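**Student:**
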Amino acid sequence: MARLTPPAIVILGAGALETARRIQMLYAGCQVHALQGRVEADVSYTELRTHLCDLYARGTPIIALCAAGIVIRCVAPLLSNKGVEPPVLAVAEDGSAVVPLLGGLAGVNVMAREIAAALNVSPAITTSGELRFGTCVLNPPEGYALADIAQGKRFVSDLLAGESTRIEGEAPWLDDAQLPRSESARLAIRVTPRAWDGRDDELVIHPRSVVAAVTVPGAGAGVGAHSNTDTDLGTNSGADSQTASGARIAALVHEALGAHGLAPLSLAALLVPSEHMANPALVDAAASLNVPLRFAQAGPEDGEPPSNLLHAALRVPYQTLHDDADAGVALALAALAIDPDTIGRTRGRLTVIGLGPGSADLMVPAARTALNEATDILGYETYVKMAGPLRADQRVHGTDNREEMQRARHAFELASTGRSVVMVSSGDPGVFAMAAAVLEALEEGASTNADWRSVQLAIVPGVSAAMATAAQAGAPLGHDFCMLSLSDNLKPWTIIEKRLRHAAEADLVMAFYNPISRARPWQLDKALDIVREYRAAATKVVLGRDIGRPGSTLRTITLGELRSSDVDMRTMVIVGSSTTRAFANGVDGGEWVYTPRWYE
Ligand code: SAH
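Numbering (numbering that gives the first Met the number 0), first residue to last: 0 to 599.
1) Could you tell me how far apart the beta carbons of Val454 and Leu349 are, in whole angstroms, since I believe they sit closer than 8 Å?
2) Give me the Cα-Cα distance between Asp375 and Asp427, rounded to the nearest whole angstrom.
3) Over what stretch of residues does the beta strand (DSSP E) that includes Met509 continue unbroken?
4) Is His409 helix, strand or coil when you go by DSSP?
5) Would you check whether ligand 1 has a heavy atom nearer than 6 Å to the C-beta of Met509?
6) Quick one: what does DSSP say Ala13 is sitting in, helix, strand or coil?
7) Is Phe431 near ligand 2, in the sense that its beta carbon is under 6 Å from a heavy atom of that ligand?
8) Note down the Cα distance separating Asp174 from Phe132, rounded to an integer number of angstroms.
9) Enumerate in chain order the residues of its own chain whose CB-to-CB distance from Val351 is below 6 Å, with the five nearest sequence positions on each side excluded.
10) Do you know how far the Cα of Glu380 is from the Cα of Phe154?
11) Express the C-alpha separation of Ala365 and Ser236 in angstroms, rounding to a whole number.
12) Just the C-alpha distance for Val38 and Trp591, rounded to the nearest angstrom, thanks.
13) Does Cys481 come out as helix, strand or coil in the three-state DSSP assignment?
14) By alpha-carbon positions, which one of Leu335, Ala502, Gly397 ends up nearest to Gln318?
15) Under the assumption that Ala89 contacts Ala117 (Cβ atoms under 8 Å), give the Cβ distance between them as a whole number of angstroms.
16) Do the CB positions of Val508 and Ser576 come within less than 7 Å of each other?
17) So, for Pro122: in the same chain, excluding its five sequence neighbours on each side, which residues have a beta-carbon less than 6 Å away from its beta-carbon?
18) Is it a yes or a no for the stretch 534-550 touching the stretch 495-502, going by three-plus beta-carbon pairs under 8 Å?
19) Does at least one heavy atom of ligand 1 sit under 6 Å from the Cβ of Ile546?
20) Do the stretch 4-21 and the stretch 32-49 make contact, defined as three or more Cβ pairs closer than 8 Å?
21) Using 10 angstroms around the beta-carbon of Tyr598, count the other beta-carbons present and answer buried if the total reaches 16, otherwise exposed.
22) Residues in its own chain within less than 8 Å of Phe582 by CB, not counting five upstream and five downstream?
23) Assuming Arg207 and Ser265 are in contact, meaning their beta carbons sit under 8 Å apart, how far apart are those beta carbons, in whole angstroms?
24) I'd like to check one pair, Met571 with Thr468: are the Cβ atoms closer than 7 Å?
25) Across the stretch 164-172 and the stretch 184-199, are there enough close Cβ pairs to call them in contact, namely three or more that are closer than 8 Å?
26) Pull up the CB-CB distance for Ala255 and Leu269, whole angstroms please, since I reckon it's below 8 Å.
27) Going by DSSP, what residues sit across from Glu590 in a beta bridge?
28) Since Ile515 contacts Val566 with CB under 8 Å, what's their CB separation in whole angstroms?
29) Rounded to the nearest angstrom, what separates Asn466 and Pro475 at their Cα positions?
30) Quick check: Arg408 and Ala359, are their CB atoms within less than 7 Å of each other?
31) Using C-beta distances below 8 Å, list every residue in its chain close to Leu527, excluding the 5 sequence neighbours before and after it, in chain order.
32) Under the three-state reduction of DSSP, which class applies to Asp322: helix, strand or coil?
33) Following the continuous beta strand (DSSP E) through Ile546, name the residue where it begins and the one where it ends.
34) Given this structure, state the Cα-to-Cα distance separating Ala146 from Gln471, to the nearest angstrom.
35) With distances taken from CA atoms, which of Val42, Leu11, Ala250, Tyr55 is nearest Gly387?
36) Taking C-beta to C-beta, are Arg189 and Gly260 nearer than 7 Å?
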């Protein structure tokens, strides 16, 4: 199941930081967003209104440590659609008041209670149903889904008007609710996987207690017992036929559910044979059914019923409701909601991310999402630390081991058992970093480790050191440029010299990565000698050290002035071209450096 997005705690000044940190401890992966220039926290923003609207539009729960009125005014233009809003709360910056504002159906009152308990105050709950019954009847726990929100609201207003209700089925979360209950009541809360028939004296809640197993022989796009390898699936089927096939599988499941009067919202997961792990049609089908996709090993052999998959994957007692070998669909019905994480296994993932140069606000959101979803995090120890805060349940395989291939193979081994692995690099993972090592490991290892191929591999880009340094200096990479690593660990020095000559001669701006280290003391001087054969001593050079990290420095000098002692392994060296220029920026004798877009 997709985990809930961690909330963003938004503060305006230093006075709120302590309260923010206390709230932060309640939510895994949660970050404190602070107004730039006023206070430093995990993420900085420049304008409150824009930032709150951004978070709201992305569905991120918001805990704003400021006046409720400010929050309301900021998000007001976005408030038309009540169905999909995230929880929004205002909390007094000294922690003395917790006010749930929006997101009643997304659990805002639950959050308000949690935060208030941590701050030792009473939450300002104003929802009538919740006040009266001690719980939000319309917000059942994970694993249950309300059949119809409009009917739900009518039902609760009937209860508030004085009616009582029966409860039919298992609703353990309502045990402690102060609901007016009566066995002879006209109204009923019915917890059932059966579809709601539209009666308005019922509040129907579906437990996610049904699992659909699908083998789908002959569904096209290679789905089914006679399919080929994953590679064939990818090449033989165009995007259209995959989409059609995904839709067809979803339709078959809907038909089977319909035949038994089951509600689609009762579905807990779509279960398919492990050998189809990389099949996009199944991903489409699960997405269209809005359930997680799970896999079971071995499953049915050719011609065997899909119910064998259920047998292989389910760890709770269930009843087989439907077993159609021709259509390749079987349904299991359990007595209670089933946690999809316990059904068969999931497809393992390996996501290679770049953290950017260092500060959290220069990490792309997709990398943060991958980190939030990770079960295992691998990488060089310094970077793994930079990737935090991590949750206690996330396994960190930090190492100062520089053996990158070994780390890459380890990542595939973990991911092929179904874990969600994130490999961290600094900057961009594809620039002198782990992405290439990961692909090398895959190409070498896939033939001997067949299950590595079914790992869902993704590479998330990041802000590379050259970009981050350039942005601080101005726009030195504004025209043609190249990136060179001066490390001769993995390539001969002669190649480096040759490339330097060609790049210098071509008048490219050059960004030097790995410019110098204790083990490589003379190489930078040699490189600069070569560049000086082609470039004037007045050529602009930008040195960025620890950009985006504490204690960062940025210097602009000339090629003539540059000494290798100005540079260490945490420095990015950008050597300008013949057109790179600079002018005073008006701050402490600093300057803007840029390379014009035109060329003569
Ligand atoms: N993948 C990284 C580069 C790794 S190579 C990226 O895209 O940025 C490591 C080299 O990158 C260092 O020797 C240094 O030259 C440069 N570098 C990495 N982070 C830096 C930072 N925060 N400030 C300046 N240079 C940095």
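Quick reminder that beta carbons are idealized off the backbone N, C-alpha and C, glycines included. On a predicted model such as this, the values are computed, not experimentally measured, just so you know.
**Tutor:** A quick look at the data gives this:
1) 5 Å
2) 20 Å
3) 508-512
4) helix
5) no
6) helix
7) With respect to ligand 2, the structure offers nothing, as its ligand set consists of ligand 1.
8) 11 Å
9) Met422, Pro428, Met433, Ala434, Val437, Ile458
10) 55 Å
11) In this predicted model, Ser236 has a pLDDT of only 42, less than 50, meaning its place in the structure is not dependable enough to derive any value.
12) 26 Å
13) strand
14) Leu335
15) Going by Cβ atoms, the distance from Ala89 to Ala117 rounds to 16 Å, so no, they are not a contact pair.
16) yes
17) Val97, Ala111, Arg112, Ala115
18) no
19) yes
20) yes
21) exposed
22) Glu590, Trp591
23) 6 Å
24) yes
25) yes
26) Contact flag wrong, Cβ pair sits at about 12 Å.
27) Ala583
28) 5 Å
29) A quick correction: the sequence has Met, not Asn, at residue 466. Their backbone Cα atoms lie some 9 Å apart in a straight line.
30) no
31) Leu558, Leu561, Ser563
32) strand
33) No beta strand (DSSP E) contains Ile546, which DSSP labels as neither H nor E.
34) 53 Å
35) Val42
36) no
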